[in-house]
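Student:
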Amino acid sequence: MISANWSRITMAISALAMGLLLAQARIACAGEGSNPGKDNANATPVIESITDRIAFISWTTQNPGGTILHYAVVHYGKDPNHLDWAAKSPTRINPSRSEMVFRVRMNDLEPGTTYYYKVSSTQATGISDPATSAVSQFTTQPTNRMSATK
1001 MISANWSRIT MAISALAMGL LLAQARIACA GEGSNPGKDN ANATPVIESI
1051 TDRIAFISWT TQNPGGTILH YAVVHYGKDP NHLDWAAKSP TRINPSRSEM
1101 VFRVRMNDLE PGTTYYYKVS STQATGISDP ATSAVSQFTT QPTNRMSATK
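Residue 1001 is where the sequence shown starts when you use my numbering, and the numbers rise one by one after that.
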């Protein structure tokens, strides 16, 4: 009798453990890629710093899920209708966090120039994340020239 009850208890524990494993697998798969039903707020970029040749832009979004490796992307150009250049930065998501911070360094900019840009991100597989921004703008600082007078 004790042996039969122990066998039932062991089977019940095994079934419970299997159910938990399957539930975790379903949750993990649900977090992969974009979820059309999920409210994905647009990204709101922030200019962290600008010099005459470099700009740092960051933004925070809901954790997009999917692959661990993502790329933060800034599409930019001198015309808001032609964002032909891109700056990209790899970043890893933390699956236990609800939000993700993306950050990109834009190099080789022209001094005293207005640039238009929008931000987005992609998974390592090339699949785009759902959050993007509207087109914004910034102007680089003019070239720093020191006076040579004594």
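The C-beta atom is built at its ideal place from N, Cα and C for all residues, glycine as well. All values reported here derive from a predicted model rather than from experimental measurement.
Go ahead and pull the three-state DSSP assignment for Gly1112.
Tutor: Gly1112: coil per DSSP, three-state reduction.
Student: Pull up the CB-CB distance for Val1073 and Thr1122, whole angstroms please, since I reckon it's below 8 angstroms.
Tutor: About 6 angstroms separates the two Cβ atoms, so the contact holds.
Student: For Val1104, which residues does DSSP report across the bridge?
Tutor: BP columns for Val1104 point to Ile1057.
Student: In chain order, what residues of the same chain have a beta carbon less than 6 angstroms from the beta carbon of Thr1060, not counting five sequence neighbours either side?
Tutor: Excluding sequence neighbours, Thr1060 sits near Glu1099 and Val1101.
Student: If contact is defined by three or more beta carbon pairs under 8 angstroms, each pair taking one atom from either stretch, is the segment 1047 to 1054 in contact with the segment 1103 to 1118?
Tutor: Yes: at least three Cβ pairs fall under 8 angstroms.
Student: I need the DSSP call for Arg976, collapsed to helix, strand or coil.
Tutor: What is shown of the chain runs 1001 to 1150, which leaves residue 976 out entirely.
Student: Taking the beta carbon of Ser1096 as the centre, do at least 16 other beta carbons fall within 10 Å, making it buried, or is it exposed?
Tutor: That one is exposed.
Student: Could you tell me if Pro1045 is buried or exposed, where buried requires 16 or more neighbouring beta carbons within 10 angstroms of its beta carbon?
Tutor: Buried, by the Cβ-count rule.
Student: Hey, Pro1142 and Pro1064 are a contact pair by Cβ (cut 8 angstroms); roughly how many whole angstroms apart?
Tutor: Not quite, the Cβ-Cβ distance comes to about 38 angstroms (not below 8 angstroms), so this is no contact.
Student: Quick check: the Cα distance between Arg1188 and Lys1118, rounded to an integer number of angstroms?
Tutor: In the structure as shown, the chain begins at 1001 and stops at 1150. Residue 1188 is therefore absent and cannot be evaluated.
Student: Measuring alpha carbon to alpha carbon, tell me which of Leu1069, Asn1042, Thr1113 and Ala1087 ends up nearest Phe1138.
Tutor: The residue with the shortest Cα to Cα distance from Phe1138 is Thr1113.
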